[in-house]
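S.K.:
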Amino acid sequence: MIKHHFSAGGVYAREQTLHAGEEVQKHVHDYDHLSYLAQGRALLDVDGELSVLDGPCMLEVKAGRVHRIQALTDLTWLCIHAESVADAETLMKG
């Protein structure tokens, strides 16, 4: 399930609920952005470097880094983007 959140301050957050075993496919952005694992456990792959994250935790994904998230348990993950550098309409489709 995906929810979209917008703030008057120009911040867009894409909230995703994933079940264990589901993943967000590899993708890349041309700007830095924040990601927040609100709950659950995830395997994070950033340019082939794997790490296991336990929520709640926040991380920064640098521009140009290919990243993928796999749910090890049911989880809630938010990708947080500044609308000044991100096209929210494109992000909502992806």
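Using the numbering used here, the letters of the sequence shown map in sequence onto residues 455 to 548. In this text, a Cβ means the ideal position worked out from N, Cα and C, and glycines have one as well.
1) Quick check on DSSP: helix, strand or coil for Met512?
2) For Ile456, which of Val539, Leu507, Thr530 has the nearest alpha-carbon?
3) Do Val520 and Ser489 count as a contact pair if the criterion is CB distance below 7 Å?
4) Tell me the DSSP secondary structure of His458 in three-state form.
5) State the start and end residues of the unbroken beta strand (DSSP E) segment that holds Leu532.
M.R.: In brief:
1) strand
2) Thr530
3) no
4) strand
5) 529-536
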